[in-house]
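Participant: What follows is a single structure, and I will ask about it in a moment.
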Amino acid sequence: MICPVPEEQQPLNEYRALKDAFFYRWAALDVGQFRQMLVTWWLVLWLIASSLALTSVSPLKQPGLFWCVGCISATIVLLLPVLVMLSGWYHVQHRLAAPAIVYEESGWYDGQTWQKTPTEFTQDQLVLNYEVTPIVRKLQFTLLTLGVLVAVHVGIWLGVLR
155 MICPVPEEQQ PLNEYRALKD AFFYRWAALD VGQFRQMLVT WWLVLWLIAS SLALTSVSPL
215 KQPGLFWCVG CISATIVLLL PVLVMLSGWY HVQHRLAAPA IVYEESGWYD GQTWQKTPTE
275 FTQDQLVLNY EVTPIVRKLQ FTLLTLGVLV AVHVGIWLGV LR
């Protein structure tokens with residue numbers, strides 16, 4: 155049976171497009187490269203946030219508060235692209251895991267559903283289990299780690315203010 159789903163809406167093609175997209179492909183990097191990229195971006199964001207913090211916090215009078223403001227700001231800003239990446243990879247994960255494909259032929263008003271063949275479903279499951287799920291787990295762990303970092307720095311900040 156020929157698949158009636160448009161090429162760009164087929165889950166395997168959505169996966170390939172996401173993996174090749176400039177922003178989303180960062181999540182497909184190996185753990186070391188991904189961590190290095192995050193740390194680099196965090197340092198750049200910290201420099202920007204710290205330069206902005208100079209307007210309200212003196213690093214000489216309140217070094218702990220200055221450090222915390224920069225760390226919290228940089229980490230929160232870094233959380234946003236990680237959330238966007240996770241959202242895109244969740245979408246592909248859901249599409250690959252589903253036994254049927256919901257698609258639109260020409261617009262939102264003519265949605266159709268097509269049952270995947272056993273071969274296509276098996277292929278999607280393999281890509282899901284060996285490619286997409288590890289990326290989603292890495293992004294979830296990153297999100298959790300960044301959340302913990304924000305909480306720790308907020309706790310330090312509150313301790314510095316006492």
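For the sequence shown, this note's numbering gives the first residue as 155, with consecutive numbering after it. We put the CB at the ideal spot given by N, CA and C, even for glycine.
So what's Val-211 in DSSP terms, helix, strand or just coil?
Facilitator: Position 57 of the sequence shown, counted from the start, is the residue given in the question as residue 211. Reduced to three states, the DSSP call for Val-211 is coil.
Participant: Name the two residues that bound the continuous beta strand (DSSP E) containing Ile-230.
Facilitator: Translated into positions along the sequence shown, residue 230 becomes position 76. Premise fails: Ile-230 lies in the alpha helix (DSSP H), 217-251, not in any beta strand (DSSP E).
Participant: Compute the Euclidean distance between the alpha carbons of Glu-258 and Leu-208, then round it to the nearest angstrom.
Facilitator: In the sequence shown, residue 258 corresponds to position 104, counting from 1. In the sequence shown, residue 208 corresponds to position 54, counting from 1. C-alpha separation (whole angstroms): 51 Å.
Participant: Among Val-304, Val-236, Cys-225 and Gly-218, which residue has its Cα nearest to the Cα of Leu-197?
Facilitator: Counting from one through the sequence shown, the residue named residue 197 turns up at place 43. Ranking the options by Cα distance to Leu-197, first place goes to Cys-225.
Participant: First and last residue of the alpha helix (DSSP H) that includes Val-281?
Facilitator: Sequence index remark: in the sequence shown, residue 281 carries index 127 (1-based). Residues 272-281.
Participant: Mind reading off the beta-carbon distance from Gln-164 to Ile-255? Whole number of angstroms is fine, and I expect it under 8 Å.
Facilitator: Numbered from 1 along the sequence shown, position 10 holds the residue referred to as residue 164. Numbered from 1 along the sequence shown, position 101 holds the residue referred to as residue 255. That belief holds up - the Cβ atoms of Gln-164 and Ile-255 are roughly 7 Å apart, short of 8 Å.
Participant: Report the three-state DSSP secondary structure of Glu-259 (helix, strand or coil).
Facilitator: By one-based count along the sequence shown, residue 259 stands at place 105. Three-state result, Glu-259: coil.
Participant: In angstroms, rounded to a whole number, what distance separates the CA positions of Leu-214 and Phe-177?
Facilitator: The residue given as residue 214 occupies position 60 in the sequence shown. The residue given as residue 177 occupies position 23 in the sequence shown. For Leu-214 and Phe-177, the distance between alpha carbons rounds to 38 Å.
Participant: Note down the Cα distance separating Leu-282 from Phe-295, rounded to an integer number of angstroms.
Facilitator: Position 128 of the sequence shown, counted from the start, is the residue given in the question as residue 282. Position 141 of the sequence shown, counted from the start, is the residue given in the question as residue 295. Roughly 18 Å separates the two Cα atoms.
Participant: Compare the Cα-Cα distances from Ile-269 to each of Val-286, Thr-287, Ser-260 and Leu-250 and report the closest residue.
Facilitator: For this step, residue 269 is matched to residue 115 along the sequence shown. Looking at the sequence itself, residue 269 is Gln, so the reference to Ile does not match. When only C-alpha atoms are compared, the closest one is Leu-250.
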